[in-house]
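**Q** Protein chains in written order, with the UniProt record's numbering: chain L, 1 to 483; chain G, 1 to 201.
Even for Gly, the Cβ is constructed at its ideal location relative to N, Cα and C.
A quick note: this is a predicted structure, and the numbers were derived from the prediction, not measured.
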Amino acid sequence: MADFLKNNPMALRHCILLEVLQGTSIEKTYSNICSVILKNDPSALRRCILLDSFQRNPIKKYYSFNRSMIGNEVIDYNNFNLSFHEFSTRKSKMKEGEKPIADVLRNDKYALRVCILYESLKYQSNLNGPIFHIFVNLCKAIGDEDVLKFQEFEFWFYRFLNGEHDLNYERDEEKKIYELSDMPIDVMKNIAEYLDILDRANLVRTSRSLQTFVEDQKLFHHTLKLTVFNLVANVSFSRWVSIEYTRSRSGCVKNFNGREKSVEGVPFWEQALMDLKSILKNPKLYLNTLKITLHSKDEPEVSLDDLEAALKFNHYLNVKNLKIVAESSDALIKILPSLKPGYLTTIDIFFTNPNGNSMKILFELVQWKRAKCFFMDGNRFIWPLRHLYHFVDFEVHLMELSVKDVHEMKEVLFKSPNFETCLIRVLNDTGANAIEVEFGDYIQQEQNTSRYAKIYHYPIPNSTEYFNIDVRGFDFEITRKKR
Amino acid sequence: MSVENAPVVDVDEAAIPVEKKMYYRFESNDKKEFRVSELAIQQSETLNRLVEAMGYTSEDVENKPAIAIENIDGKTLKLVFQWCEHHKGEAIPVDDGSVPKIVEIPEFDAKLMDIDNGLLFKLIWAADYLNIVQLLNVSCKKVANMAQGKTPAQLRRVYLLPSDEEDEAAKRAAQEAQDPRAREVEEEFEERKRQGGNSFF
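So, in structure tokens, the structure goes:
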């Protein structure tokens with residue numbers, strides 16, 4: 001079919017015009033046209049390679065060929081050059097009363113088809129990106145979105161790709177074309193499931209009926225983060241997509257995808273909380289991880305009551321893993337009650353200044369009691385260890401560990417059917433000593449290490465399992481194992 | 001179309017032991033005939049149940065008429081059976097809706113689905129009707145991928161989505177079509193307005 005371009009000067013001129021309208025350079029246009037024709041004309045390609053080998057040119061890409069050499073093999077370079085400059089001049093210097101040059105393509109359905117054919121040949125030669133982009137660029141070039149419908153473009157594009165090159169073919173307009181809205185509801189659900197939070201947000205804005213439908217579908221999202229610094233806040237959906245809120249004199253500036261918007265009279269963190277609330281209001285949202293980081297060094301700028309209000313709805317939030325980095329554990333107590341008990345699996349916290357009273361309230365919460373994993377860093381866990389004994393896995397730092405604590409661990413924690421593993425880091429050697437008192441003989445002391453390393457085994461009665469207690473320096477790790 | 005020149009879907013014959021080599025014949029609504037292996041049919045719950053219920057022997061397959069699939073055309077059915085043959089013997093995924101679905105589109109499927117939206121939607125419709133779970137998954141994923149990073153206006157163009165106004169107009173038209181009296185009343189009302197009457201009653 002590339003022959004068609006080669007042998008039909010008018011069609012070739014339409015292709016050159018399209019490239020000019022799309023702002024392509026003369027070199028690139030020439031190489032595109034040559035590539036398209038060569039790729040689709042094996043004998044011309046062979047002749048070029050042969051010629052090229054005579055000249056001992058490295059074959060990198062078709063357009064690296066000597067221009068004058070392939071000029072005669074593919075298209076006449078002089079004619080090409082003339083057409084290109086004629087179109088460039090007419091594009092840049094439109095005379096008064098003259099019609100835009102794009103009209104040549106816009107008003108002639110066959111010229112438009114040639115353009116689609118040319119784009120499909122480029123696509124076949126891997127010179128083009130996704131099909132919708134090709135369509136958008138084509139529409140931009142002809143300067144009118146209404147001339148060409150996507151369905152029309154797609155129909156011709158795939159016809160050409162399939163080798164059906166009849167430009168005079170007429171579509172049966174009466175023929176039923178299947179559309180998205182013809183799909184059974186189960187299929188629509190299946191499609192919606194693959195759409196992420198941002199694409200769904202765009203889809204619900206297309207029409208009310210789709211909004212009703214899409215908002216009724218479960219939405220799984222991996223990570224949603226709220227980060228608040230002293231002067232800036234951030235709501236992030238993934239590593240690449242986030243909204244930034246910066247303090248301004250009269251309120252804040254919101255930046256999403258490079259688009260800035262000023263919001264008057266609203267502090268930056270309050271705007272971030274409002275947007276977070278609008279995302280979380282969907283009761284069908286299932287978050288794998290919700291991470292909230294509050295980095296306010298001095299007086300905490302974010303009001304924790306506002307944070308609590310942003311997370312409070314008539315429904316619980318479906319959050320599997322909660323990560324919090326904050327000054328005080330008071331933040332946790334404002335967040336945890338809003339999360340769905342049982343669905344919340346992991347609580348991962350970093351506090352520099354834990355507050356005893358808020359932790360006491362926390363231990364009574366059903367969300368705490370039904371969670372499975374707990375990791376705490378930044379400061380010591382200063383409360384009775386029994387509050388951790390329902391977890392499957394936990395990691396904490398302690399000031400010290402007494403023999404009484406280890407005994408209780410043996411009596412309560414080791415009898416929990418759920419418990420699998422824990423890592424406890426003690427500030428001094430009290431823990432290691434208490435374990436030696438309580439468990440007696442160790443099994444193995446690692447050689448060639450200056451660190452104190454001992455392993456104890458504690459068999460679980462009436463089972464083939466045991467607990468492996470690995471003491472390294474002041475830290476120890478307990479793991480359930482099978483014999 | 002006769003059996004001899006029916007389009008037969010490519011099959012890797014060496015992969016099937018001789019004694020189990022059983023084929024079925026299907027016919028699309030535009031009378032195109034396909035021969036499909038038993039193992040490939042298992043990907044479609046609907047067809048699998050159908051052939052089990054029929055209990056055909058190899059002779060029956062040749063002697064009796066091809067099984068008609070009345071609401072799918074040949075072009076679509078060809079894609080469906082090509083997919084089934086390529087993925088025959090693979091486990092059929094089970095989805096309980098509790099976890100996010102992770103579906104990758106293999107290269108073969110991507111090439112098969114390099115088709116226009118009209119045909120893609122027909123393929124989805126067929127996969128749903130024939131209950132081919134994984135084909136439905138990959139084709140729906142492809143449709144979802146098209147939405148990625150598009151603005152609402154672009155989504156309307158890609159998916160041919162009507163705007164709210166068009167939706168309303170279509171609804172009104174459908175209602176009027178159902179109830180001719182409503183249109184008459186409307187016309188009468190317009191007529192009276194033209195004649196200068198302020199009130200309909």
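Indicate whether at least one CB of chain L lies closer than 8 angstroms to the CB of Ser163/G.
**A** For the purposes of this step, residue 163/G is identified with residue 163 of the second sequence, where counting begins at 1. Output row for Ser163/G: interface = yes.
**Q** If you measure from the beta carbon of Met376/L to each beta carbon in chain G, is any gap under 8 angstroms?
**A** As a position in the first sequence, residue 376/L is number 376, starting the count at 1. Answer no: the Cβ-Cβ gap between Met376/L and chain G never drops below 8 angstroms.
**Q** Which residues in the same chain have their Cβ closer than 7 angstroms to the Cβ of Ile116/L, if we skip the five residues on either side of it in sequence?
**A** By 1-based counting over the first sequence, the position of residue 116/L is 116. Within the same chain, Ile116/L has close Cβ partners Phe153, Trp156, Phe157, Phe160.
**Q** Between which residues of its own chain and Leu136/G is the CB-CB distance below 7 angstroms, once the five residues before and five after are set aside?
**A** To locate residue 136/G, count along the second sequence from 1; it is residue 136. So the list reads Ile124, Ala127, Asp128, once near-sequence residues are dropped.
**Q** Give me, in chain order, the residues of the same chain whose beta-carbon lies closer than 7 angstroms to that of Lys61/L; leave out the 5 immediate sequence neighbours on both sides.
**A** The residue given as residue 61/L occupies position 61 in the first sequence. Confidence at Lys61/L is low in this model, with a pLDDT of 45, below 50, so its placement is unreliable and the value that follows should be read with caution. For Lys61/L, where only same-chain residues beyond five positions count, there are no Cβ hits under 7 angstroms.
**Q** Can you name the residues that DSSP bridges to Arg159/L?
**A** Here residue 159/L refers to the residue found at position 159 of the first sequence. None; Arg159/L has no bridge partner.
**Q** Can you list, in chain order, the residues of its chain with a C-beta nearer than 8 angstroms to that of Lys93/L? Leave out the 5 residues immediately preceding and following it.
**A** For this step, residue 93/L is matched to residue 93 along the first sequence. Around Lys93/L: no qualifying Cβ.
**Q** So the alpha helix (DSSP H) Ile124/G belongs to, where does it begin and stop?
**A** Start at 1 with the first residue of the second sequence, and residue 124/G comes out as number 124. Residues 117 to 129.
**Q** Could you please give me the residues that DSSP links to His397/L through a beta bridge?
**A** Residue mapping note: residue 397/L aligns to position 397 of the first sequence, counting from 1. BP columns for His397/L point to Arg425/L.
**Q** Rounded to a whole number of angstroms, what is the C-alpha to C-alpha distance between Phe213/L and Asp186/L?
**A** Counting from one through the first sequence, the residue named residue 213/L turns up at place 213. Counting from one through the first sequence, the residue named residue 186/L turns up at place 186. Rounded to the nearest angstrom, the two C-alpha atoms are 11 angstroms apart.
**Q** Report the rounded CA-to-CA distance for Lys372/L versus Leu294/L, giving the unit in angstroms.
**A** In the first sequence, counting from the first residue as 1, residue 372/L sits at position 372. In the first sequence, counting from the first residue as 1, residue 294/L sits at position 294. About 24 angstroms.
**Q** If we cut at 8 angstroms on Cβ distances, does Met10/L have a partner in chain G?
**A** Start at 1 with the first residue of the first sequence, and residue 10/L comes out as number 10. No, Met10/L lies away from the interface with chain G (no Cβ there is under 8 angstroms from its Cβ).
**Q** I'd like to know if the stretch 102 to 121 of chain G and the stretch 20 to 35 of chain G are in contact, where contact means that at least 3 CB-CB pairs between them fall below 8 angstroms.
**A** no
**Q** What whole-angstrom Cβ distance do Tyr118/L and Cys252/L have, given they're in contact under 8 angstroms?
**A** The sequence position of residue 118/L within the first sequence is 118, counting from 1. The sequence position of residue 252/L within the first sequence is 252, counting from 1. Taking a contact as a CB-CB distance under 8 angstroms, the pair Tyr118/L and Cys252/L does not count as one, their CB atoms being some 48 angstroms apart.
**Q** Can you give me the C-alpha to C-alpha distance between Arg472/L and Ser328/L, rounded to a whole angstrom?
**A** Along the first sequence, one-based indexing puts residue 472/L at 472. Along the first sequence, one-based indexing puts residue 328/L at 328. If I take the Cα positions, the gap works out to 30 angstroms.
**Q** Determine which residues share a DSSP beta bridge with Pro459/L and list them.
**A** On the first sequence, residue 459/L is found 459 positions in, with the first residue counted as 1. Pro459/L pairs with Tyr466/L.
**Q** Hey, would you say Val143/G sits closer than 8 angstroms to Cys84/G, going by beta carbons?
**A** Reading the second sequence from its first residue, position 143 is the one you call residue 143/G. Reading the second sequence from its first residue, position 84 is the one you call residue 84/G. No. Outside cutoff.
**Q** Relative to the alpha-carbon of Gly378/L, which residue among Lys340/L, Ile455/L, Met399/L has its alpha-carbon at the smallest distance?
**A** Translated into positions along the first sequence, residue 378/L becomes position 378. Looking at the Cα atoms, Met399/L is the closest of the given residues.
**Q** Along chain L, in chain order, which residues have C-beta atoms closer than 8 angstroms to that of Trp125/G?
**A** Locating residue 125/G in the second sequence gives position 125, counting from the first residue. Correct list: Tyr178, Asp182, Met183, Pro184, Val187.
**Q** Take Glu168/G and list the residues in its own chain whose beta-carbon comes closer than 8 angstroms to its own, dropping the five residues that flank it on each side.
**A** By one-based count along the second sequence, residue 168/G stands at place 168. There are no such residues.
**Q** Starting from Leu413/L, follow its DSSP beta bridges and name the residues at the other end.
**A** Residue 413/L sits at position 413 when you count from the first residue of the first sequence. Leu413/L pairs with nothing; no bridge assigned.
**Q** For Ile191/L, which residues in chain G fall below 7 angstroms Cβ to Cβ?
**A** Locating residue 191/L in the first sequence gives position 191, where the first residue counts as 1. Within 7 angstroms Cβ-Cβ: Cys140, Val143, Ala144.
**Q** Are the stretch 101 to 108 of chain G and the stretch 48 to 61 of chain G touching, with three or more C-beta to C-beta distances below 8 angstroms?
**A** no
**Q** Look up Gly473/L in the DSSP assignment and say whether it is helix, strand or coil.
**A** Within the first sequence, the letter at position 473 stands for residue 473/L. Gly473/L sits in coil when the DSSP states are folded into three classes, being neither helix nor strand.
**Q** On the three-state DSSP scale, how would you describe Ala68/G?
**A** Residue 68/G sits at position 68 when you count from the first residue of the second sequence. Note: Ala68/G maps to strand in three-state DSSP.
**Q** Report yes or no: do the stretch 328 to 342 of chain L and the stretch 355 to 367 of chain L share at least 3 C-beta pairs separated by less than 8 angstroms?
**A** yes
**Q** Under the three-state reduction of DSSP, which class applies to Met94/L: helix, strand or coil?
**A** Here residue 94/L is taken as the residue at index 94 of the first sequence, counted from 1. In the three-state reduction of the DSSP assignment, Met94/L falls in the coil class, being assigned neither a helical nor a strand state.
**Q** Given that Lys21/G touches chain L, what residues does it touch there, using C-beta distances under 8 angstroms?
**A** Taking the first residue of the second sequence as 1, we reach residue 21/G at position 21. Chain L residues near Lys21/G: none, gap ~32 angstroms exceeds 8 angstroms.
**Q** Pick from Asp330/L, Lys218/L, Ile134/L: whose alpha carbon is nearest that of Leu307/L?
**A** Locating residue 307/L in the first sequence gives position 307, where the first residue counts as 1. Answer by Cα proximity: Asp330/L.
**Q** Name the DSSP bridge partner or partners of Leu339/L?
**A** Position 339 of the first sequence, counted from the start, is the residue given in the question as residue 339/L. BP columns for Leu339/L point to Leu317/L.
**Q** Quick one: which residues of the stretch 115 to 135 of chain L get their C-beta closer than 7 angstroms to a C-beta of chain G? List them in chain order.
**A** Phe132
**Q** Name the chain G residues whose beta carbon is nearer than 7 angstroms to that of Thr346/L?
**A** On the first sequence, position 346 is the one that residue 346/L refers to. None at all; the shortest Cβ gap to chain G is about 16 angstroms.
**Q** Quick check: is any heavy atom of the ligand PLP less than 7 angstroms from the C-beta of Met22/G?
**A** Of the ligands one can find in the structure shown there are none, so the ligand PLP has no counterpart to examine.
**Q** Is the CB of Glu154/L under 8 angstroms away from at least one CB in chain G?
**A** Within the first sequence, the letter at position 154 stands for residue 154/L. At least one chain G Cβ lies under 8 angstroms of Glu154/L.
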